[in-house]
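Below: the structure, in structure tokens.
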């Protein structure tokens, strides 16, 4: 199946006024319930990165774990988990960031990466970029570099992809939505 002939947008459910009034949440659950769509998404990412020069896959809590774990397996790369505060058991580095809905902290095991490592970061979507920017700061604090930030969905009107690009981090998304698009 060719990516252009399959509309993954039709399998991303808009949930109006979630988690608060005025927000359209982009639910990827239906996409993951379709074996064809799931394979298409994962194969698209794997094809992009199979010959790329990077050492690790970074996955954002929680929906990024769904993407990152499959790709770490497919590409035979170590998986680095970026978790919400208080979820990791060993020594961590933490980074605060603003979300669309408030403030949060992202943590990673302090020994996950070292100088010379290069990471492709995965999340389900790029909105304001807060989570991926926090992860990028953590990656850089460990002496590693970011190869690219990738997601299924980009919400370009919220500026996250541009913020990442302004930090020197290339971005790649399979599709995008306008904020008003249902």
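In the UniProt record's numbering, the protein residues as written are 1 to 182. Backbone N, C-alpha and C fix where the C-beta goes; we use that ideal spot for every residue, glycine too. Owing to the predicted nature of the structure, the values given are computational and were not obtained by experimental measurement.
Identity of the residues DSSP links to residue i by a beta bridge
i	result
residue 173	151
residue 103	98
residue 58	80, 121
residue 145	118
residue 133	Paired residue(s): none; residue 133 is not in a bridge.
residue 139	According to DSSP, residue 139 bridges with nothing at all.
Helix, strand or coil at residue i [DSSP, three-state]
i	result
residue 20	coil
residue 40	helix
residue 14	strand
residue 158	helix
residue 6	coil
residue 28	coil
residue 70	helix
Short Cβ contact (8 Å threshold) for residue i with residue j
i	j	result
residue 115	residue 92	no
residue 110	residue 132	no
residue 139	residue 12	no
residue 177	residue 48	no
Close beta carbons around residue i, own chain, < 8 Å, minus the five adjacent residues each side
i	result
residue 128	98, 99, 100, 158, 159, 160, 163
residue 118	53, 54, 55, 56, 144, 145, 146, 147
Sequence-distant residues of its chain with Cβ nearer than 6 Å to residue i (five each side left out)
i	result
residue 72	57, 79
Sequence-distant residues of the same chain with beta carbon closer than 7 Å to residue i, five excluded per side
i	result
residue 46	71, 74, 75
residue 174	8, 41, 44, 152
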